[in-house]
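Here the structure is laid out as C-alpha cells; the discussion comes afterwards.
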Amino acid sequence: MSTPRELLIVAMDMTSVRTVERGSLSLALAGAEAVDLLAVGAITLEGDRVVPSGEGLGSGDPLVDEPLLDDWLLGEAASSFVRQAPHESVGNWLWRRGRDLSSAYTAALEAEGQLVRRHHRRWGVFRSTELVLVDSPARRLAAERWTADEPVLAALATAVGIRDKRTTASPAVTDESVATVLTAVDDALSELAAEAERRAHKRDDAAVTNVQRGY
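Its first residue numbered 35, the sequence shown is counted upward by one per residue in this note's numbering.
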C-alpha cells in the first residue's frame, strides 16, 4: 500500500483526537506521493528540482514496485511532473499536485470499499452522513506502520499535526532526497498556515471596522 493511502487512513483514525485541515493534508499527501515515487525510481532530485525518469514508474524490482504500480493515483502523480529543463522545484509541485488531493484519495478509498458512509438520524430522519473506515488489511497495515514509528509516515503525521513532535530517539529519515521532500512539505505547510493567519486577521479587521461603523 502506498504511503499517501496510509497517511490518509492514519489521519482518519486520529480524527477523534486531532483534526487535520484538508489543505494541509493534501500537501502532505503530495509529499507522500513524491517519497513513494523516489523509492521506485520514477523520479530523482537534482537539488530541490524534480527530474522524472525516462522509464516511467518502477525501479525494476518487482518486490518493491508491484504494490505501487497498481495505484492509479501514483501513476497520475508520476505523469504530472514537468519533463523539460529547467525542472520544477519540489515545493512548486506540491502546491500544484496537492490541490484538493485529499478529496481524490478519499474518493478512491470509498470506491474500493475501505470507507463507508454512516448515516445519522435525528427525529427519525437522516440528517447527515460521514465517511468511516472499515476494518481492512490496509487499515491494519497502516496501524502497524504507525505503531512501528515508521520515519516517513511519522514525519508527515507530525507535519500535519496528528502526532506530537518527534524525539531524538525516534527513527530518522536518512535518505537525502526523501529529507528534501519532507522539508519542502514543512515549508509549504508553514506558508499555508501563514496565509490562513493573514486571512483571519483581515476578517477580524473587517469585523472591527464594521462595528465601528455601526453595521
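We put the CB at the ideal spot given by N, CA and C, even for glycine.
CB Ile77 to CB Val84, shorter than 8 Å?
Taking the sequence shown and counting its residues from 1, the one referred to as residue 77 is at position 43. Taking the sequence shown and counting its residues from 1, the one referred to as residue 84 is at position 50. Note that the C-beta distance between Ile77 and Val84 is below 8 Å.
**Q.** Member of Arg173, Ser87 and Ser136 whose CA lies at the smallest distance from the CA of Ser114
**A.** As a working mapping, residue 114 is identified with position 80 in the sequence shown. Checked all of Arg173, Ser87 and Ser136; the closest Cα to Ser114 is Ser87.
| message | My output table needs one value for Val215: the three-state DSSP class, helix, strand or coil. | response | For this step, residue 215 is matched to residue 181 along the sequence shown. Residue state, collapsed to three classes: helix.
Q: Give every residue of the same chain whose Cβ lies closer than 6 Å to the Cβ of Leu42, excluding the five residues on either side of it in the sequence, and list them in chain order.
A: Here the question's residue 42 lines up with position 8 in the sequence shown. Short of 6 Å from the beta carbon of Leu42, and not among the five residues preceding or following it, lie these beta carbons of its own chain, in chain order: Tyr139.
Item checked: Cβ-Cβ separation, Asp82 to Thr181 (assumed contact under 8 Å), whole Å -> For the purposes of this step, residue 181 is taken as residue 147 along the sequence shown, with counting starting at 1. For the purposes of this step, residue 82 is taken as residue 48 along the sequence shown, with counting starting at 1. Their Cβ separation, rounded to whole angstroms, is 32 Å, which puts Thr181 and Asp82 out of contact at 8 Å.
* To do: Hey, could you find the ends of the alpha helix (DSSP H) Pro86 is sitting in?
  => Within the sequence shown, numbered from 1, the residue matching residue 86 stands at position 52. Premise fails: Pro86 lies in the beta strand (DSSP E), Arg83 to Pro86, not in any alpha helix (DSSP H).
Please determine, among Met35, Val166 and Ala64, the residue with the shortest C-alpha to C-alpha distance to Leu190. For the purposes of this step, residue 190 is taken as the residue at position 156 of the sequence shown. With distances taken between Cα atoms, Leu190 lies closest to Ala64.
* Please work out which residues of its chain come closer than 7 Å, Cβ to Cβ, to Ala66, disregarding the five sequence neighbours upstream and downstream, and give them in chain order. => Here residue 66 refers to the residue found at position 32 of the sequence shown. Around Ala66: Thr37, Pro38, Leu41 and Leu190.
### Query
Do Leu71 and Leu108 have their CB atoms nearer than 8 Å?
By 1-based counting over the sequence shown, the position of residue 71 is 37. By 1-based counting over the sequence shown, the position of residue 108 is 74. A contact, by the Cβ cut-off of 8 Å.
Check your understanding: In the structure shown, what three-state DSSP assignment does Ile196 receive?
Key -> Here residue 196 refers to the residue found at position 162 of the sequence shown. Under the three-state reduction of DSSP output, Ile196 falls in the coil class, being neither helix nor strand.
Q. Among Arg173, Pro171 and Asp209, which residue has its Cα nearest to the Cα of Pro185?
A. Reading the sequence shown from its first residue, position 151 is the one you call residue 185. For Pro185, the closest alpha carbon among the candidates Arg173, Pro171 and Asp209 is that of Asp209.
Quick one, which of Glu80, Leu216, Arg232 and Leu226 has its alpha-carbon nearest Leu187's? Counting from 1 along the sequence shown, the entry for residue 187 is found at position 153. Considering only alpha carbons, the answer is Leu216.
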